[in-house]
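Residues are numbered in my numbering as their position in the sequence shown, beginning at 1, plus a constant of 40.
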Amino acid sequence: MRYSKELLYKVGHAFLRATGSNEAEARIVAEHMVEANLKGHDSHGVGMIGMYTNYLKKGQIKPNAPLGVIKDKGAVLQFNGNLGYGQRIGYEATHRAIDRAKETGICMYTIAQSCHLGRIGTYGEMAAEAGMVSVHFVNVNEFHPLVAPYCGSEARFGTNPFCVAMPATDEYGPFILDFATSIVAMGKTRVAMLAHKKFDEPVIVDPEGNLTNDPGVMWNDHPGALLAFAKHKGSGLCFACELMAGILSRGHTIQPGHPRNDSIVNNMTAFVIDPAALCDLDFMKSEMDAMIDYVKSSHMADPVNHPILMPGEIE
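Shown next, in the form of structure tokens:
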């Protein structure tokens, strides 16, 4: 079934308003979810409404929660999300970081204790549109672990997203590298299971240690664990996101000394950089264009069905 983006926005906005969000929050969160659907990330789209409904019933999302300031000192900003809708918390915090980077050349900002931040690439796109470069590390706590460490068969991490963004050039759109450090995000297992599909390759290890491509294994009473991408390299980056986001934000890691109530609470440590503070912007754009052209000039076995794409281009 297909639905128009206008209808999806209307449904998302109506849900948020009916459950207590003010107009500004409802607009930001609904736009974020619909944009995730439009960009192929249904795992972060309006399908999240079901999960948010359960969180609201349990008090695990606080509509209209203010963005709390923990520290505001020069190039460092630290925020507390107060369990508010992460899409709005992330939007407001990233705007403030962009404004600060315009003054200081760079801004390191952290967000602690925000409910689900949604698609992290959204915040990279915000920075890129403002002419900024950004890097984002994210972890999850209060939710049960989902991702096994390399060589392990029990989950120890969240899906811990990582993102790098750079502004558009004269020839190309913005560079937006945004991915979960697991091979697939947990939400994508839900999408695949509901569609009665299996993955093209093993992305899960079951409780007995067997690799599988069956998404239903993650939704059993005794679920398996997602695999990190690229074996030890992805597992290492997943671990780095855990430490960078969980510790520097003061929001905690997923280690079992902290309570878990099965709600997605995100922490993020990110950097927004004004490239004009470091290099000539004309040089940056021309160098990016030249590099992208060079990468795309590589011989392709199947240029029609499998062209070389820059991160951020439509698949």
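All residues carry an ideal CB built from backbone N, CA and C; glycine is no exception.
- Rounded to the nearest whole angstrom, the CA to CA distance from Pro347 to Leu123 is 41 angstroms.
- Inter-residue distance for Glu194 and Thr293 is about 17 angstroms (C-alpha atoms, whole angstroms).
- Residue pairing from DSSP places Gln118 in a beta bridge opposite Lys111, Thr150.
- Taken atom to atom, the span from the alpha-carbon of Met233 to that of Val257 is near 9 angstroms.
- Runs of the alpha helix (DSSP H) spanning 4 or more residues and lying entirely within the region 44-119 occur at 45-58, 63-78, 89-98, in chain order.
- In this structure, the alpha-carbon of Ala64 lies about 9 angstroms from that of Arg128.
- Put simply, the backbone Cα of Val86 is about 11 angstroms away from that of Leu78.
- The C-alpha of Trp259 lies about 9 angstroms from the C-alpha of Thr229.
- Take the alpha-carbon of Glu248 and the one of Glu132: they are about 44 angstroms apart.
- Here Met41 is exposed. Its C-beta has fewer than 16 other C-beta atoms within 10 Å.
- Within the same chain, and ignoring the five residues on either side of Gly161 in sequence, the residues whose Cβ sits closer than 7 angstroms to its Cβ are Cys203, Ile216, Asp218.
- In the three-state reduction of the DSSP assignment, Met41 falls in the coil class, being assigned neither a helical nor a strand state.
- About 4 angstroms separates the Cβ atoms of Thr199 and Ala220, confirming a contact at the 8 angstroms cut-off.
- Under the three-state reduction of DSSP output, His272 falls in the helix class.
- Secondary structure at Met172: coil, using DSSP grouped into helix, strand and coil.
- Close CB contacts of Lys336 within its chain, under the 7 angstroms cut and outside five residues either way in sequence, are with Ile348 (chain order).
- Rounded to the nearest whole angstrom, the C-alpha separation of Ser83 and Tyr43 is 16 angstroms.
- In this structure, Ala310 places its C-beta atom within 9 angstroms of the C-beta atom of Met148.
- Closest option to Gly108, judged by alpha-carbon separation, among Ile151, Gln100, Lys98: Ile151.
- Pairing Gly121 with Ser174 gives a Cβ-Cβ distance that is not under 9 angstroms.
- Excluding sequence positions up to five before and after Val245, its CB lies within less than 7 angstroms of the CB of Ala188, Ser193, Leu251, Gly264, Ala265, Leu267, all in the same chain and listed in chain order.
- Here Tyr49 has Ala70, Val74 as same chain residues with Cβ atoms under 6 angstroms from its own Cβ, once five neighbours each way along the sequence are excluded.
- The three-state reading of DSSP puts Cys281 in helix, counting H, G and I together.
- Taking 9 angstroms as the cut-off, the beta carbon of Met226 is found closer than this to the beta carbon of Leu186.
- Annotated as proximal: Glu282 and Phe197, with beta-carbon spacing under 9 angstroms.
- For the pair Asp261 and Ala76, the Cα-to-Cα distance works out to about 29 angstroms.
- The Cβ-Cβ distance between Asp329 and Glu241 does not fall below 9 angstroms.
- Judged by DSSP in its simplified three-state form, Ala208 adopts coil rather than helix or strand.
- In the DSSP assignment, Leu267 forms a beta bridge with Ala188.
- For Asp139, the enclosing alpha helix (DSSP H) begins and ends at 126-144.
- Looking at Ser289, Pro207, Cys191, Ala341, the one whose alpha-carbon comes closest to that of Asp322 is Pro207.
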